[in-house]
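With the sequence shown counted from 1, adding 998 to any position gets you the numbering used here. Glycine included, C-beta positions come from ideal geometry on N, C-alpha and C. Since the structure is predicted, the reported quantities are computational estimates derived from the model, not experimental observations. What follows is one structure encoded as structure tokens, with my remarks underneath.
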Amino acid sequence: MTESKSYNNGIYTVFLSAFLVLFQIGIYFVYIPWNAERLQITEAEIGIGLFVFGISNLIGNQISGRLVVPRFGTKNSIAFGLIGIAYCPLLLILSTNYLWFLLAFIPFGFCVGLFSPSAQSQISMIEQKTSKIITPLYHAAFSFGSLVGAVTAFFTIKYIERPDLIFLTTGTMLIFGSLIIYKFGLLKSLEGLKKIPKFKLPQKSILIFGVLMMMNYATMGIILDWSALWLTKDLLVPLYLGGALIVAFNIGEITSRLFASKMIKDSTEKFIGGYLSIIAGITLFLSILTGDFYVIIFGMLLFGFGTANFIAIILRQAIRITDEPISLTVANLITLGFAGFIFGPALVGYLAEYLGLTFNMYLLSFVWGFNGLALLFMMRRN
């Protein structure tokens, strides 16, 4: 097999893994109101569950970047992660009480932690070796999976009365996906893995980029974890339309990421990562002010377009300025980023219970304006 063909196989199999993971999670996000009603749990209690997810995710990130990837390679780590993730959403919807609901988040977070930095490391390695801009397309595969998952949930909620069968099926799809990745994924000999140095704190510039990623993950959870509940509870939208914001957001993301390479070449990473994020935050804020469902959907579509490539720009900037191994840099960034799941969901759940979910949607707009400004400042310094 030629190197070029092996790299292409790596790209396609990682895209497949990203699609499958977010397809399954995209379906579950729409089922959050249903699961919350079934277990009689509050927004704050959902936030605690996502807090548990965040803690176990941090552990999985570091084990992936420091132990699993150097020993087994990114391809095998991706496959391990998919197998572990496969039936975790099924455990969440089969939980008989709140304790089992919380416990199900532990393996879920840990296995996402194995998967996410491994997949991004492989994409970043291929980018470095081929000089192609692939990260936005990889993130588009995530968005496409989430979009298809949310659209699928419209129909499953309306026409299928057995959620357990749905998540049993999606889990089995992830198992088959892991087998495809194991057989056809990137050869370990082409990964160019470097020896991981002894533990030390990330470089200062990496820490700052990681904090921006943390703000991203902390606030994106408002859309993915809470938007269905916000629409059905505050705007009184029917349950089967609960995923509408996720669909609009993902359509905007996919469109932006598919054209990211051309947009970056025609403008600058500063415009794509910084200025578009600021414009997106303002647009979303104005749309929420109207209180109109259709205007908000359009505003969310534009918000998804404007913020879609923020993480890709951060990763490209960080890898460009560091001399540490790619797998370690990516693991540190994603660990810092997913730390947003430690405080973000819990904080959002608390604020939702006392100030309302609409307040959090406004907060999302303000934070993204700040994110864009902060990224511009960092890029100017570097």
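- Which residues in the same chain have their Cβ closer than 7 Å to the Cβ of I1274, if we skip the five residues on either side of it in sequence? For the sequence presented, residue 1274 should be read as Leu rather than Ile. Cβ contact annotation for L1274 (same chain, cutoff 7 Å, sequence separation greater than five): G1304, in chain order.
- Item | Straight-line gap, F1021 to G1047 (C-alpha atoms, nearest Å) | 21 Å
- Query: Where are the alpha helix (DSSP H) runs, 4 residues long or more, that stay fully inside the region 1219 to 1296, in chain order?
  - Reply: 1242 to 1256, 1258 to 1264, 1274 to 1288
- Would you mind stating whether S1116 and V1067 have Cβ atoms separated by less than 8 Å? yes
- Would you call the CB atoms of M1213 and N1369 closer than 8 Å? yes
- Message: Considering just the uninterrupted stretch of the alpha helix (DSSP H) at R1064, what are its terminal residues?
- Response: Unbroken run through R1064: none, as it is neither H nor E.
- Query: Quick one: is L1056 buried, meaning 16 or more other Cβ sit within 10 Å of its Cβ, or exposed?
  - Reply: buried
- Let me know the secondary structure DSSP gives Y1085 once reduced to three states. coil
- Identify whether P1323 lies in helix, strand or coil by the three-state DSSP scheme. coil
- Member of F1078, F1308, G1052 whose CA lies at the smallest distance from the CA of L1100: G1052
- Item | Beta-carbon gap between I1179 and I1023 smaller than 8 Å | no
- Query: Based on Cα-Cα distance, which residue from W1366, R1314, Y1352 lies nearest to I1131?
  - Reply: Among W1366, R1314, Y1352, the Cα nearest to that of I1131 is on R1314.
- Query: Roughly how many angstroms lie between the CA atoms of F1330 and Y1157, to the nearest whole one?
  - Reply: It should be noted that the sequence gives Asn, not Phe, for residue 1330. If you take the alpha carbons of N1330 and Y1157, they lie about 43 Å apart.
- Span of the alpha helix (DSSP H), counted from its first residue to its last, around R1378: 1355 to 1379
- Item | Residue nearest to S1363 in terms of C-alpha spacing, selected from T1356, L1287, F1283, G1335 | F1283
- Task: Quick one: measure Cβ to Cβ for Y1360 and I1244, integer angstroms, because I've assumed they're closer than 8 Å.
- Result: With a Cβ gap of about 19 Å, Y1360 and I1244 do not count as contacting.
- Task: Can you say whether P1134 is buried or exposed, counting buried as having 16 or more other CB atoms within 10 angstroms of its CB?
- Result: Buried, because 16 or more other Cβ atoms sit within 10 Å of the Cβ of P1134.
- Excluding sequence positions up to five away, which residues of its chain have a Cβ less than 6 Å from the Cβ of G1169? A1084, Y1085, L1088
- Item | Per-residue DSSP class, three states only, for E939 | Only positions 999 to 1380 of the chain appear in the structure, and residue 939 is not among them; the question remains open.
- Among L1014, V1012, A1016, F1027, which residue has its Cα nearest to the Cα of M1218? F1027
- Task: Can you have a look at L1090 and say buried or exposed, based on whether 16 or more other CB atoms are within 10 angstroms of its CB?
- Result: Flag for L1090 reads buried.
- Query: Taking the alpha helix (DSSP H) that Q1126 falls in, what are its first and last residues?
  - Reply: 1096 to 1128
- Query: Is the CB of I1039 under 8 Å away from at least one CB in chain B?
  - Reply: Looking for chain B here will not work: only one protein chain is present.
- Out of S1129, L1097, Y1029, which has the shortest C-alpha to C-alpha gap to Y1005? The residue from S1129, L1097, Y1029 with its alpha-carbon nearest to that of Y1005 is S1129.
- Thinking C-alpha only, which one of N1307, S1093, L1300, I1295 is nearest M1261? Considering only N1307, S1093, L1300, I1295, the residue with the shortest C-alpha distance to M1261 is N1307.
- Item | Nearest-angstrom Cα separation, counted from S1015 out to S1114 | 10 Å
- Q1022: first and last residue of the uninterrupted alpha helix (DSSP H) it sits in: 1001 to 1037
- Message: Going by DSSP in three states, T1040 sits in which element: helix, strand or coil?
- Response: coil
- Query: Taking N1248 as the reference, which of M1171, A1139, I1173, S1002 has the closest Cα?
  - Reply: Shortest Cα-Cα distance from N1248 to any of M1171, A1139, I1173, S1002 involves A1139.
- Query: Of the residues K1127, G1082, I1104, G1045, which one's Cα is nearest the Cα of I1009?
  - Reply: K1127
- Item | Straight-line Cα distance separating D1290 from K1073 | 45 Å
- In three-state DSSP terms, what is N1307? coil
- Message: Looking only at its chain, what residues have a beta carbon closer than 8 Å to the beta carbon of I1164, apart from the 5 residues adjacent to it on each side?
- Response: Only I1025, T1154, I1158 meet the Cβ criterion.
- Is the beta carbon of L1373 less than 8 Å from the beta carbon of G1272? Going by C-beta atoms, L1373 is nearer than 8 Å to G1272.
- Item | Counted within 10 angstroms of its Cβ, other Cβ atoms place F1108 as buried (16 or more) or exposed | buried
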